[in-house]
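Here the structure is laid out as structure tokens; the discussion comes afterwards.
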Amino acid sequence: MNLNHFLKSDREKAQRLYGSMQYMVFDLLIPALENGDFVGCKEIAESIAQHSNDLKKMEHPEKVVQLNEIASEFFKRGIDVECVKPPTRRIH
Numbered sequence: 145m146n147l148n149h150f151l152k153s154d155r156e157k158a159q160r161l162y163g164s165m166q167y168m169v170f171d172l173l174i175p176a177l178e179n180g181d182f183v184g185c186k187e188i189a190e191s192i193a194q195h196s197n198d199l200k201k202m203e204h205p206e207k208v209v210q211l212n213e214i215a216s217e218f219f220k221r222g223i224d225v226e227c228v229k230p231p232t233r234r235i236h
């Protein structure tokens, strides 16, 4: 998994979620399938789907992560940096 798509503050959590998903697939889901525990399979699959949604929410394009890191460096030096949005266009 490429951790460059996660903010530094989220990387540890993303790594844990990814590891948890791997554990659920290889150590829980496959044995449950082999044993015919389809109710357990459904619950495990739902947990995997929830972890996937959490990772998707935490993921950002690499450029956004780089800009966030640059802004953090400025903030450490006492320079407050804020996002600037272009003005909204009004149609008359």
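Residue numbering for the sequence shown follows my numbering, beginning at 145 and increasing consecutively.
From the three backbone atoms N, C-alpha and C, an ideal C-beta is built for every residue, glycine too.
Residue i, buried or exposed, once every other Cβ within 10 Å from all chains shown has been counted against 16
i    : result
I188 : buried
H150 : For the record, residue 150 in the displayed sequence is Phe; it is not His. Buried.
M145 : exposed
L177 : exposed
CA-to-CA distance, residue j to residue i, given in whole angstroms
i    : j    : result
A215 : R221 : 10 Å
T232 : E190 : 40 Å
G180 : Q210 : 46 Å
I192 : D224 : 39 Å
P205 : L161 : 19 Å
E213 : N197 : 24 Å
S153 : V183 : 36 Å
Q194 : K207 : 26 Å
The alpha helix (DSSP H) enclosing residue i, as first and last residue numbers
i    : result
G163 : 152 to 167
N148 : From DSSP, N148 is part of no alpha helix (DSSP H); its letter is neither H nor E.
L173 : Counting along the chain, L173 falls outside any alpha helix (DSSP H), and DSSP gives it neither H nor E.
Whole-Å CB distance - residue i paired with residue j, under 8 Å assumed
i    : j    : result
L199 : C185 : L199 to C185, Cβ: 21 Å. No contact.
- Considering only residues of the region 201 to 230, which uninterrupted alpha helix (DSSP H) runs meet the minimum length of 4 residues and lie entirely inside it, listed in chain order? 206 to 220
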